[in-house]
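Engineer: As you go down the protein sequences, you meet chains A and B in turn. At the far end of the first sequence sits residue 348, using this note's numbering, and the numbering has no gaps. At the far end of the second sequence sits residue 348, using this note's numbering, and the numbering has no gaps. The C-beta atom is built at its ideal place from N, Cα and C for all residues, glycine as well. A single structure is presented below for examination.
Protein chains: 2
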Amino acid sequence: MRSLFEEMAGEASRLTAFAGNTLDRRSEQRPEGCLEEALADPRAAFYASAEGRLLIKFEADKAQPLFTLSELQSLEPEPAAAILLGYRRTGEPRLMMPLKATVEAVPAAIKALDYRSVYQQHLLPPEELGEVAQGASLLAWNRSALHCGFCGGETDAKGGGYRRACANCAKEFFPRTDPVVIMLTVDEKSDRCLLGRSPHFRPGMFSCLAGFLEPGETIEDAVRRETLEESGIRLGRVRYHASQPWPFPHTLMIGCYGEALSEEIRFDSSELDDCRWFSRSEIREMLSRPAEEGPSVPPEGSIAHRLISDWAGERLHSDAFGA
Amino acid sequence: MRSLFEEMAGEASRLTAFAGNTLDRRSEQRPEGCLEEALADPRAAFYASAEGRLLIKFEADKAQPLFTLSELQSLEPEPAAAILLGYRRTGEPRLMMPLKATVEAVPAAIKALDYRSVYQQHLLPPEELGEVAQGASLLAWNRSALHCGFCGGETDAKGGGYRRACANCAKEFFPRTDPVVIMLTVDEKSDRCLLGRSPHFRPGMFSCLAGFLEPGETIEDAVRRETLEESGIRLGRVRYHASQPWPFPHTLMIGCYGEALSEEIRFDSSELDDCRWFSRSEIREMLSRPAEEGPSVPPEGSIAHRLISDWAGERLHSDAFGA
Numbered sequence: 026m027r028s029l030f031e032e033m034a035g036e037a038s039r040l041t042a043f044a045g046n047t048l049d050r051r052s053e054q055r056p057e058g059c060l061e062e063a064l065a066d067p068r069a070a071f072y073a074s075a076e077g078r079l080l081i082k083f084e085a086d087k088a089q090p091l092f093t094l095s096e097l098q099s100l101e102p103e104p105a106a107a108i109l110l111g112y113r114r115t116g117e118p119r120l121m122m123p124l125k126a127t128v129e130a131v132p133a134a135i136k137a138l139d140y141r142s143v144y145q146q147h148l149l150p151p152e153e154l155g156e157v158a159q160g161a162s163l164l165a166w167n168r169s170a171l172h173c174g175f176c177g178g179e180t181d182a183k184g185g186g187y188r189r190a191c192a193n194c195a196k197e198f199f200p201r202t203d204p205v206v207i208m209l210t211v212d213e214k215s216d217r218c219l220l221g222r223s224p225h226f227r228p229g230m231f232s233c234l235a236g237f238l239e240p241g242e243t244i245e246d247a248v249r250r251e252t253l254e255e256s257g258i259r260l261g262r263v264r265y266h267a268s269q270p271w272p273f274p275h276t277l278m279i280g281c282y283g284e285a286l287s288e289e290i291r292f293d294s295s296e297l298d299d300c301r302w303f304s305r306s307e308i309r310e311m312l313s314r315p316a317e318e319g320p321s322v323p324p325e326g327s328i329a330h331r332l333i334s335d336w337a338g339e340r341l342h343s344d345a346f347g348a
Numbered sequence: 026m027r028s029l030f031e032e033m034a035g036e037a038s039r040l041t042a043f044a045g046n047t048l049d050r051r052s053e054q055r056p057e058g059c060l061e062e063a064l065a066d067p068r069a070a071f072y073a074s075a076e077g078r079l080l081i082k083f084e085a086d087k088a089q090p091l092f093t094l095s096e097l098q099s100l101e102p103e104p105a106a107a108i109l110l111g112y113r114r115t116g117e118p119r120l121m122m123p124l125k126a127t128v129e130a131v132p133a134a135i136k137a138l139d140y141r142s143v144y145q146q147h148l149l150p151p152e153e154l155g156e157v158a159q160g161a162s163l164l165a166w167n168r169s170a171l172h173c174g175f176c177g178g179e180t181d182a183k184g185g186g187y188r189r190a191c192a193n194c195a196k197e198f199f200p201r202t203d204p205v206v207i208m209l210t211v212d213e214k215s216d217r218c219l220l221g222r223s224p225h226f227r228p229g230m231f232s233c234l235a236g237f238l239e240p241g242e243t244i245e246d247a248v249r250r251e252t253l254e255e256s257g258i259r260l261g262r263v264r265y266h267a268s269q270p271w272p273f274p275h276t277l278m279i280g281c282y283g284e285a286l287s288e289e290i291r292f293d294s295s296e297l298d299d300c301r302w303f304s305r306s307e308i309r310e311m312l313s314r315p316a317e318e319g320p321s322v323p324p325e326g327s328i329a330h331r332l333i334s335d336w337a338g339e340r341l342h343s344d345a346f347g348a
């Protein structure tokens, strides 16, 4: 009997940023009062968010993103809006605390960094980065669901920010996660892959095409539709490769390879300012050279980097990563 | 050079119900007035929904779910809330029209069937079933977003039901699709798979375990977490198999296989009333026998059926389906 798993090339999802969260979230078994209990737990450790930025202390050049509640007292914490992320193996609760204080009010010893910089500068180890991503997504979702979509009534957070209930009509709401397909189109005949440039990318950077999955679509159909819309390339087979939680604001990136059936690019200039085929050797050069010195790909940790570098390095067959 | 796609067993997603939608949705290129234009198009064809049920005419025993606008006039259509699904290749617009009329007011020649029955009774061909799924998801989402989550203001539908904008604070909202992982856990040593019974299943039916993906999780981590929570079984590797749009109300089912690392089941009795290992021969018997005559699996078209029958029939290696 052949194994179902023998043809797999290891789990690329584990190698993406934000994927390192190991908290026990217990999100479906949270009793009334779980947030209050966690807030009162002397072991509780808090990430802190002010004006959409993460607070980080630098101690001997090491980034330290966790605070005690008393360290945050002067920054106007909003405990009722705190997110209970979950529990470490030792039982220690981890939370994300929103602050009313402005970034200007934060003491000089603490930096307030936007979440993207925290990730791009590799400031945190994978477990903490995963916890921050979870917290950022949940903070953003809670802020977008302060009112009931059915009746407009005010909603209250429950279960440490994992549910909201309408005070007027009692409807319940759960966190939103938006599936996005992101794909590397490969023309196997010419051994090239397709990358595009969005106008908001840094100069010289090219990446995979991507877009929101629509109601009533499979993942594979979304990959084919988005690729056709953005580049004019028709795809045949689609192969899932990896997924990544993406906290901007609460997205699930679903990374796939697409088999090109056509070659002529007609890109959508309302979304892209360039779209080209790159040979495997060009990609290898882009991966090995500093980003400042010519065309480049997204940084390590991004799922686009994973898709591109795993194709370029031929790490797509069994045992390429190890399990 | 080995092909990226050579190890794939064909596209199982294509064999799931609701996946047959071939409309050109043009959802990102919809001009102002696109809905009004479609409503006025004499070729426009309408699905119709009353009290959450789909209207179907039976003509010589053939289910006919499409109406002209004039056929619906007596049933209090709500054109401002109509969903523009997209366009057939000929340019013919397809829409989903909500009706204010109650099910009782529907003429006897027309049946009002709940969406689940339409699917379970195989009443519609794949393309129409896919269009109905898209329309049902979008109707449900629009109804859940009548008010702005940020300020509580009223929202207006735009782009034929693909966006809503707050009349008060101008924030924009987009359709919601909730990713759910559904997985068949396989113990390769004993050649068995794990199925559970939810209390709301029909008598005798067992299915795959499933649950919502949480903020900050990869697909693979969600599969492992849900399996552990519901059954007590620890998983190792996870392999993606297929996806399915699931319009109850607006879900993306992400179907995977999980590699069992443990055997002893401790199932969550708040979610399941049974959970067991089944041998491959037991599963083959369940697949070949009428559901009334003993333990059964979900019907064809469901992604659970796909996961179970593709494992039982060993259709998980290259060229099992054909591309």
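Note down, in chain order, each residue of its chain lying with its Cβ closer than 7 Å to the Cβ of A/L91, except the 5 sequence neighbours on either side.
Structural biologist: A70, F71 and Y72.
Engineer: Within the same chain, show all residues whose beta-carbon is closer than 7 Å to that of B/I258, passing over the 5 residues directly before and after it, in chain order.
Structural biologist: The residues are T210, L219, T252, A285, S287 and I290.
Engineer: Is the CB-CB distance between A/C173 and A/M208 below 8 Å?
Structural biologist: No; because the gap between Cβ atoms is not below 8 Å, this pair is not in contact.
Engineer: By the 10 Å Cβ neighbour count, where 16 or more other Cβ atoms means buried, how is A/C194 classified, buried or exposed?
Structural biologist: A/C194 should be labelled exposed.
Engineer: Using a cut-off of 7 Å between C-beta atoms, extract the partners of B/G174 located in chain A.
Structural biologist: Here the neighbours are S169, A170, L171, H172 and G174.
Engineer: Examine chain B for any beta-carbon lying closer than 8 Å to the beta-carbon of A/D212, and answer yes or no.
Structural biologist: Chain B contact via Cβ: absent.
Engineer: Identify the contact partners of B/E318 in chain A, using a Cβ-Cβ distance below 9 Å as the criterion.
Structural biologist: Simply none; closest approach about 28 Å.
Engineer: May I ask you to report which of helix, strand or coil DSSP gives B/L209?
Structural biologist: Strand at B/L209.
Engineer: Since B/Y282 sits in a beta bridge, which residues does DSSP pair it with?
Structural biologist: BP columns for B/Y282 point to B/L209 and B/R264.
Engineer: For A/Y112 and A/L48, which I take to be in contact (beta-carbon distance under 8 Å), what is that distance rounded to the nearest angstrom?
Structural biologist: So it is a contact: roughly 6 Å between Cβ atoms.
Engineer: Consult DSSP for B/P90 and reduce its assignment to one of helix, strand or coil.
Structural biologist: Coil.
Engineer: For B/E117, which residues in chain A fall below 9 Å Cβ to Cβ?
Structural biologist: Under the 9 Å cutoff, chain A gives no residues; its nearest Cβ is about 18 Å from B/E117.
Engineer: Between which two residues does the beta strand (DSSP E) harbouring A/M122 extend?
Structural biologist: Taken as a continuous stretch (DSSP letters only), the beta strand (DSSP E) holding A/M122 covers P118 to L124.
Engineer: Could you give the distance in angstroms between the alpha-carbon of B/M122 and the alpha-carbon of B/K183?
Structural biologist: Looking at the two C-alpha atoms, the distance is approximately 15 Å.
Engineer: Applying the criterion that 16 or more other CB atoms from any shown protein chain within 10 Å of the CB defines a buried residue, is B/H349 buried or exposed?
Structural biologist: There is no way to answer for residue 349 of chain B, as the model of chain B reaches only from 26 to 348.
Engineer: Report yes or no: do three or more beta-carbon pairs, one from the segment 155-172 of chain A and one from the segment 226-243 of chain B, lie closer than 8 Å?
Structural biologist: The segment 155-172 of chain A is in contact with the segment 226-243 of chain B.
Engineer: Could you spell out the range, first to last residue, of the beta strand (DSSP E) harbouring A/A161?
Structural biologist: It is not in any beta strand (DSSP E) - A/A161 instead sits in the alpha helix (DSSP H) that spans P151 to S169.
Engineer: What residue range does the beta strand (DSSP E) around B/C191 cover?
Structural biologist: Segment R188 to C191, the beta strand (DSSP E) holding B/C191.
Engineer: So, are the CB atoms of A/I81 and A/K125 less than 8 Å apart?
Structural biologist: Their beta carbons are not under 8 Å apart, which means A/I81 does not touch A/K125 by this criterion.
Engineer: Would a check of beta-carbon distances place A/E288 closer than 8 Å to chain B?
Structural biologist: Taking Cβ atoms only, chain B never reaches closer than 8 Å to A/E288, which makes this a no.
Engineer: Using a cut-off of 8 Å between C-beta atoms, extract the partners of A/F231 located in chain B.
Structural biologist: Here the premise fails: no neighbours, minimum Cβ distance about 20 Å.
Engineer: Kindly list, in the order they appear in chain B, the residues whose Cβ is closer than 7 Å to that of A/A134.
Structural biologist: The contacting residues do not exist; A/A134 stays about 28 Å from chain B at best.
Engineer: Would you call the segment 37-44 of chain B in contact with the segment 317-335 of chain B, where contact means no fewer than 3 C-beta pairs closer than 8 Å?
Structural biologist: Yes: at least three Cβ pairs fall under 8 Å.
Engineer: Mind listing which residues of the segment 147-163 of chain B have their C-beta closer than 7 Å to chain A's C-betas, in chain order?
Structural biologist: Cβ contacts with chain A: G155, A158, Q159, S162 and L163.
Engineer: Quick one: using the 10 Å Cβ neighbour count with 16 as the cut-off for buried, is B/T93 buried or exposed?
Structural biologist: When all chains shown are included, B/T93 counts as exposed.
Engineer: Name, please, each residue of chain B whose Cβ falls closer than 7 Å to the Cβ of A/D181.
Structural biologist: None at all; the shortest Cβ gap to chain B is about 14 Å.
Engineer: For A/Q145, decide whether its Cβ has a neighbour in chain B, counting only Cβ atoms nearer than 8 Å.
Structural biologist: It does not; no Cβ of chain B falls within 8 Å.
Engineer: Consult DSSP for B/C300 and reduce its assignment to one of helix, strand or coil.
Structural biologist: Three-state DSSP puts B/C300 in a strand.
Engineer: Rounded to the nearest angstrom, what separates A/V206 and A/G236 at their Cα positions?
Structural biologist: Taking the straight line from one Cα to the other gives about 6 Å.
Engineer: Return the chain-ordered list of same chain residues with a C-beta closer than 7 Å to the C-beta of B/H342, the five sequence neighbours on each side being excluded.
Structural biologist: Only A34 meet the Cβ criterion.
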